[in-house]
Amino acid sequence: SVLRHAQDRWRRDEAAKQTAILNALPAHIALLDDHGRIIAVNEEWRRFGVENALNVEGSGVGLNYFDVCAAAQRTDAPEAQRVAAGIRSVLNRATKEFSIEYASHSPTEQRWFLMTVAPLAADRRNGAVIMHLDITAERQNEETLRVSESRFRQMAESITDVFFLQNLDGSQIYYVSPAYEQIWGRTRASLYADPQSWAEAIHPEDLDTVSTGLNAGLNIAMDHEYQIVRPDGEVRWVRARMFPILDAAGLPFRMAGVASDITERKESEVALREREAEFRTLAESIPQIVWIASADGSDIYFNQQWIDYTGLTLEESLGDGWLKPFHPDDRQRALDAWRKAAATAGAYSLEARMRRADGVYRWWLVRAVPMRDAEGEASKWFGTSTDIHDLKMAGLEISRSNRELRENEVRIGRLNRVYALLSQLSTLIVRELHRGELYDGACRIAVEEGGFRMAMIA
155 SVLRHAQDRW RRDEAAKQTA ILNALPAHIA LLDDHGRIIA VNEEWRRFGV
205 ENALNVEGSG VGLNYFDVCA AAQRTDAPEA QRVAAGIRSV LNRATKEFSI
255 EYASHSPTEQ RWFLMTVAPL AADRRNGAVI MHLDITAERQ NEETLRVSES
305 RFRQMAESIT DVFFLQNLDG SQIYYVSPAY EQIWGRTRAS LYADPQSWAE
355 AIHPEDLDTV STGLNAGLNI AMDHEYQIVR PDGEVRWVRA RMFPILDAAG
405 LPFRMAGVAS DITERKESEV ALREREAEFR TLAESIPQIV WIASADGSDI
455 YFNQQWIDYT GLTLEESLGD GWLKPFHPDD RQRALDAWRK AAATAGAYSL
505 EARMRRADGV YRWWLVRAVP MRDAEGEASK WFGTSTDIHD LKMAGLEISR
555 SNRELRENEV RIGRLNRVYA LLSQLSTLIV RELHRGELYD GACRIAVEEG
605 GFRMAMIA
């Protein structure tokens with residue numbers, strides 16, 4: 155009797171332990187006997203029944219699970235038949251375990267569960283344990299991930315850049331977008347089959363540079379520009395950027411990248427360099443001073459003529475250094491004219507004196523026009539300065555001569571008026587002489603000859 159009492163106590167303790175373990179689990183758990191009858195459930199099973207108003211007496215304890223499946227099957231639950239078959243296979247020891255995912259949506263939310271069936275004991279037929287685990291969060295995460303991946307693929311497959319995912323050493327390509335075929339002229343299948351085949355297209359001139367960059371580190375961000383040769387022989391420029399993807403511990407475990415076709419940009423840069431070289435050649439060959447200023451007025455270029463004339467170095471001329479050679483009386487006027495032109499984005503024009511390297515000031519005509527960007531904003535200023543000193547001096551001399559000529563014309567006009575007055579006076583005297591007959595023979599001769607001068611001499 156003492157032994158029996160001890161055995162009963164041990165069984166009760168074991169049952170209590172098993173119950174405590176079952177109640178501690180987050181899943182809904184039911185124990186079945188070898189006929190499929192529910193013999194025990196845990197607290198999570200009971201709570202689920204209460205929250206979902208299942209109204210099953212005793213939380214289903216004593217019910218046969220096959221009857222539950224049959225009832226569910228009659229309400230058009232497609233999984234019920236599979237569940238019943240899976241439970242039988244475990245109870246009959248035909249299979250070691252059965253599992254199935256199913257949806258059990260409520261009026262207010264969508265829910266998914268994972269049902270697993272396992273034997274209570276591995277060495278004999280004595281029932282099974284059924285566990286329903288809520289996997290709604292996992293399914294929602296999977297759906298979110300699926301939607302995210304779908305959007306990523308839609309984006310990646312609709313743009314002209316190449317997106318790719320690979321492992322750290324590049325020995326496996328997880329994904330590459332269709333643009334790879336457009337840029338590289340090779341199939342994506344060939345890249346999946348040989349993840350290093352993209353490098354076969356690298357132009358020999360850039361192969362060492364790219365290889366050195368890749369060998370510098372397999373888990374750091376990289377940015378390379380290089381040429382590739384397509385199978386048809388066409389050479390194209392590519393910019394490839396790679397970034398490490400970190401795991402939950404903050405360690406890189408994949409590499410993501412994007413490759414862009416920059417051929418047009420490179421060709422534009424080459425064309426721009428050629429135009430700049432032509433511009434510099436032209437600027438250095440003309441007698442005028444040529445300069446370029448940024449939008450804020452800081453000079454960024456002077457040709458050699460400026461340096462030769464002013465004696466200033468390029469460094470001394472940058473920023474506000476362009477004002478240094480101006481005559482003190484013209485410096486503020488030059489600055490005010492620039493500020494007005496910059497504010498209105500209009501042309502800049504000014505005549506001013508600038509000091510030569512030997513200290514002599516000469517007159518210059520300074521002009522500039524804005525160079526506008528695609529939005530119409532002034533991005534730079536292009537200017538020239540022309541020596542007009544000799545022309546300016548000639549103009550001043552002409553002005554002086556003209557002034558003297560005008561003064562002489564005034565004096566001559568005055569003399570002409572005096573002469574006219576004297577002529578009128580002489581005519582009046584002769585007329586009076588005739589009328590009064592006050593002249594003698596000599597005077598008559600003078601009058602008849604019409605010469606007032608002779609009359610006066612006589």
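My numbering numbers the first residue of the sequence shown as 155 and each following residue consecutively.
The beta-carbon is built from N, C-alpha and C at its ideal position, and this holds for glycine as well.
(Q) Checking 9 angstroms against the spacing of the C-beta atoms, do ALA272 and LYS250 come in under that value? (A) For the purposes of this step, residue 272 is taken as the residue at position 118 of the sequence shown. For the purposes of this step, residue 250 is taken as the residue at position 96 of the sequence shown. Cβ atoms of ALA272 and LYS250: closer than 9 angstroms.
Q: Could you check which residue in ASP484, ALA499, TYR463 and THR262 has the C-alpha nearest to that of GLY451?
A: What you label residue 451 is simply residue 297 of the sequence shown in a count that begins at 1. When C-alpha distances from GLY451 are compared across ASP484, ALA499, TYR463 and THR262, the shortest belongs to ALA499.
Q) Whose C-beta lies closer than 6 angstroms to the C-beta of ILE193 among residues of the same chain, with five residues either side of it excluded? A) Counting from 1 along the sequence shown, the entry for residue 193 is found at position 39. The beta carbon of ILE193 sits closer than 6 angstroms to those of LEU185 and ASP187, all from its chain and outside the five residues before and after it, given in chain order.
Q: Would you check if the segment 406-421 and the segment 310-329 touch, i.e. whether three or more CB-CB distances between them fall below 8 angstroms?
A: Yes, the segment 310-329 is in contact with the segment 406-421.
Q) Can you name the residues that DSSP bridges to GLY411? A) In the sequence shown, counting from the first residue as 1, residue 411 sits at position 257. Under DSSP, GLY411 takes part in a beta bridge, and its partners are PHE318 and MET396.
Q. Helix, strand or coil for ILE446 per DSSP?
A. On the sequence shown, residue 446 is found 292 positions in, with the first residue counted as 1. It is a strand residue.
**Q.** Three or more C-beta pairs below 8 angstroms linking the segment 540-548 and the segment 510-517
**A.** Short answer: they touch.
(Q) Alpha carbons only, please: which of ILE552, ARG342, VAL523 and PRO398 is nearest the one belonging to ALA447? (A) Against the sequence shown, residue 447 aligns to sequence position 293. Check the Cα spacing between ALA447 and each of ILE552, ARG342, VAL523 and PRO398: the tightest is with VAL523.
Q: Find the nearest neighbour of ALA394 within the set ARG305, MET525 and LEU368, judged by alpha-carbon distance.
A: The sequence position of residue 394 within the sequence shown is 240, counting from 1. Taking only the C-alpha atoms, the option nearest ALA394 is LEU368.
Q) Of all the beta strand (DSSP E) runs that stay within the bounds of the segment 480-535, which reach a length of 3 or more residues? A) Entirely contained in the segment 480-535, the beta strand (DSSP E) runs reaching 3 residues are, in chain order, 502-509 and 515-526.
Q | Cα-Cα separation, TYR328 to ASP348 | A | Here residue 328 refers to the residue found at position 174 of the sequence shown. Here residue 348 refers to the residue found at position 194 of the sequence shown. Distance between the alpha carbons of TYR328 and ASP348: 12 angstroms.
Q.
Rounded to the nearest angstrom, what separates VAL195 and ARG247 at their Cα positions?
A. Counting from one through the sequence shown, the residue named residue 195 turns up at place 41. Counting from one through the sequence shown, the residue named residue 247 turns up at place 93. Each residue's alpha carbon lies about 22 angstroms from the other.
Q: Using a threshold of 9 angstroms, state whether the C-beta atoms of VAL244 and ILE183 are closer than that.
A: Here the question's residue 244 lines up with position 90 in the sequence shown. Here the question's residue 183 lines up with position 29 in the sequence shown. Not a contact, by the Cβ cut-off of 9 angstroms.
Q | Same chain only: Cβ atoms within 6 angstroms of THR540, ignoring 5 sequence neighbours per side | A | Taking the first residue of the sequence shown as 1, we reach residue 540 at position 386. So the qualifying residues of the chain are GLN442 and LEU519.
(Q) Taking the beta carbon of ALA402 as the centre, do at least 16 other beta carbons fall within 10 Å, making it buried, or is it exposed? (A) For this step, residue 402 is matched to residue 248 along the sequence shown. So ALA402 counts as exposed.
Q: Would you mind sorting MET269 into buried or exposed? The rule is 16 or more other CB atoms within 10 Å of its CB.
A: Stepping through the sequence shown from its first residue, residue 269 is reached at position 115. When all chains shown are included, MET269 counts as buried.
Q: Kindly give me the distance between the Cβ atoms of MET285 and ALA181, rounded to whole angstroms, as I take these residues to be in contact under 8 angstroms.
A: Position 131 of the sequence shown holds residue 285. Position 27 of the sequence shown holds residue 181. About 5 angstroms separates the two Cβ atoms, so the contact holds.
Q. Over what stretch of residues does the alpha helix (DSSP H) that includes GLU379 continue unbroken?
A. Residue mapping note: residue 379 aligns to position 225 of the sequence shown, counting from 1. No alpha helix (DSSP H) contains GLU379, which is instead part of the beta strand (DSSP E) from 376-383.
Q.
For GLU197 and TYR346, what's the separation of their Cα atoms in angstroms?
A. Counting from one through the sequence shown, the residue named residue 197 turns up at place 43. Counting from one through the sequence shown, the residue named residue 346 turns up at place 192. Take the alpha-carbon of GLU197 and the one of TYR346: they are about 51 angstroms apart.
Q | ASP221 versus GLU255 - alpha carbon distance | A | As a first step, residue 221 is located in the sequence shown; it is residue number 67 there, counting from the start. As a first step, residue 255 is located in the sequence shown; it is residue number 101 there, counting from the start. Take the alpha-carbon of ASP221 and the one of GLU255: they are about 20 angstroms apart.
Q) In chain order, what residues of the same chain have a beta carbon less than 6 angstroms from the beta carbon of GLU470, not counting five sequence neighbours either side? A) Position 316 of the sequence shown, counted from the start, is the residue given in the question as residue 470. By the criterion of a C-beta distance shorter than 6 angstroms, GLU470 is surrounded by no residue of its chain, once the five residues flanking it on both sides are discounted.
(Q) Helix, strand or coil, according to DSSP, for ARG191 in the structure here? (A) On the sequence shown, residue 191 is found 37 positions in, with the first residue counted as 1. If DSSP states are grouped into helix, strand and coil, ARG191 belongs with the strands.
(Q) Judging by CA-CA distance, which residue of GLY530, ARG509 and LYS534 is the nearest neighbour of TYR502? (A) In the sequence shown, counting from the first residue as 1, residue 502 sits at position 348. Among GLY530, ARG509 and LYS534, the Cα nearest to that of TYR502 is on LYS534.
(Q) Distance check for ARG509 and ARG493, CA to CA, integer angstroms please. (A) Position 339 of the sequence shown, counting from 1, holds the residue named residue 493. Position 355 of the sequence shown, counting from 1, holds the residue named residue 509. Each residue's alpha carbon lies about 22 angstroms from the other.
(Q) When you compare the segment 323-340 with the segment 427-441, are there three or more beta-carbon pairs, one atom per stretch, that lie closer than 8 angstroms? (A) The segment 323-340 is not in contact with the segment 427-441.
Q. So which of ASN321, ILE454 and VAL301 has the shortest CA-CA distance to GLN350?
A. Locating residue 350 in the sequence shown gives position 196, where the first residue counts as 1. Nearest C-alpha to GLN350 among ASN321, ILE454 and VAL301: ASN321.
Q.
Taking contact to mean 3 or more Cβ pairs, one atom from each stretch, closer than 8 angstroms, check whether the segment 378-385 and the segment 351-360 are in contact.
A. At 8 angstroms Cβ cutoff, the stretches touch.
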